[in-house]
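Q:
Residue numbers (our numbering), protein chains in the order written: chain A, 93 to 190; chain B, 93 to 190; chain C, 93 to 190; chain D, 93 to 190; chain E, 93 to 190.
1. Which residue's Cα is closest to the Cα of residue 55 (chain C): B:148, B:109 and B:189?
2. Helix, strand or coil: how does DSSP classify residue 162 (chain E) here?
3. Going by the CB atoms, is the gap between residue 148 (chain B) and residue 171 (chain B) shorter than 8 Å?
4. Run through DSSP, which three-state label would residue 145 (chain D) get?
5. Along chain E, in chain order, which residues have C-beta atoms closer than 8 Å to that of residue 97 (chain C)?
6. I need the DSSP call for residue 111 (chain E), collapsed to helix, strand or coil.
7. Which chain B residues sit within Cβ distance under 7 Å of residue 151 (chain A)?
8. Would you kindly check if the distance between the Cβ of residue 167 (chain C) and the Cβ of residue 155 (chain E) is under 8 Å?
9. Quick one: is residue 105 (chain A) buried, meaning 16 or more other Cβ sit within 10 Å of its Cβ, or exposed?
10. Excluding the 5 residues flanking residue 102 (chain D) on each side, which residues of the same chain have their C-beta closer than 6 Å to its C-beta?
11. Would you kindly report the start and end of the unbroken beta strand (DSSP E) that includes residue 173 (chain C)?
12. Note down, in chain order, every chain E residue with its Cβ under 9 Å from the Cβ of residue 140 (chain D).
13. Spell out whether any CB of chain C is found under 8 Å from the CB atom of residue 134 (chain B).
14. Determine the extent of the beta strand (DSSP E) in which residue 116 (chain A) is found, giving its start and end residues.
15. Please report how far the alpha carbon of residue 165 (chain A) lies from the alpha carbon of residue 152 (chain A), in whole angstroms.
16. What does the Cβ neighbour count give for residue 161 (chain C), buried or exposed, with the cut at 16 atoms within 10 Å?
17. Nearest to residue 137 (chain A) by alpha carbon, out of A:187, A:157 and A:186?
18. Measure from the alpha carbon of residue 125 (chain C) to the alpha carbon of each residue in B:180, B:124 and B:132, then state which is nearest.
19. So, does the CB of residue 116 (chain B) fall closer than 8 Å to a CB anywhere in chain A?
20. Would you say residue 161 (chain A) faces chain B, with C-beta separation under 8 Å as the test?
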């Protein structure tokens, strides 16, 4: 899984029927040590009620369909967690609400 | 999922039987913030009736077969939405028909 | 899917039993606009009777097993079409037999 | 599979229900010859009781769900072994507890 | 599929139960034209009895589990053939035992 920051959203009227009612969020992946942007943004489906600027965990590939309620959805990236904290080499590099 | 622009199409007479009658479109991925071309073009099957120069959402991997009507099709990239708008950091960076 | 040119083949005597009798072709991916070599060559199984120097469409990942007759085969790249023509931005950049 | 070093962990309260009780470890991939950091860190689920700074084997994609007890979990990276030793070209480049 | 050279092996005592008794080989991918090392080494499960320094064909992703006897194994890279010869543009660039 990778960690990214929610930076936006995408709206489609004409879309696959299974996507109706789904939040399609734009995620900017971040480096896990520095939390700086790293790599290209992508669109992910939200499975946990994530909001703007939150740091989230994203699962890719066929496992994106294992996220709660997405088994019949054409998703290759799903948000499966909102990050509370990240610890690297014994140091807390991120803690929510700080 | 990634966002790309439809820039062309591919025609094959000799092909897998499940591809008969399928539109095979050439998609140029774009950067989600600048909408400039980013990365290599690829061929995707169209599941939503997308047309030339439209901005679309593309799903990859096994989930490409979850697009409507493609479960028995050898596709690793399917178009599952036509983009109406993209909002990044509170700004609308794309709106269709503008 | 990506487009590539068939540039060779690979022979194995000792191999997975499901590969017996399968043509294993070397494919050089090409840029879809310039048709020049782009990226590393790989081995693909042939599902459509493709021949040397032909331009072909290749599907990857689990969908490679959706190619006709390959559902039980350990393939992650299968050739599913022989390209007749490619049109980019209204121009024909490739037409077979020219 | 790739080899990496466990360098940290991630905590989420709000997450996919199947992730409750799962250790989510941060893995830094390493070059198999030099054992130096190589490529971006990611989050993996632990299936073998791995601990901080240990060298582990990580499986990706849908096969991450084949790890013991993870068939219903949205994971695209799972730890499936703790490395005892690595031999390259007849030389032992890593041995645990040395 | 990609072609690589077997350059070593990995030993784990603590591992997923399905890996017990499996040979875990280190493979260095090679360029198909020059046969020089190209890209990062990885660990693959052996399905064909491959040995040190042999050139092998490796399948990735979920199809790695289609290799003979691996359907329940958490593998994302399996060796499915030992290369006898490679022909590129009409020239034999590799022949075993030469």
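Cβ coordinates follow ideal geometry from the N, Cα and C atoms, glycine included. Quick caveat: nothing in here was measured; it's all calculated off a predicted structure.
A: Inspection of the coordinates gives the following:
1. In the structure as shown, chain C begins at 93 and stops at 190. Residue 55 (chain C) is therefore absent and cannot be evaluated.
2. coil
3. yes
4. coil
5. Those do not exist, as residue 97 (chain C) stays about 10 Å from chain E at its closest Cβ, beyond 8 Å.
6. helix
7. Within 7 Å Cβ-Cβ: nothing; residue 151 (chain A) doesn't reach chain B, min ~12 Å.
8. yes
9. exposed
10. 116 and 135
11. 169-180
12. 104, 106, 107 and 108
13. yes
14. 116-121
15. 13 Å
16. exposed
17. A:157
18. B:132
19. no
20. no
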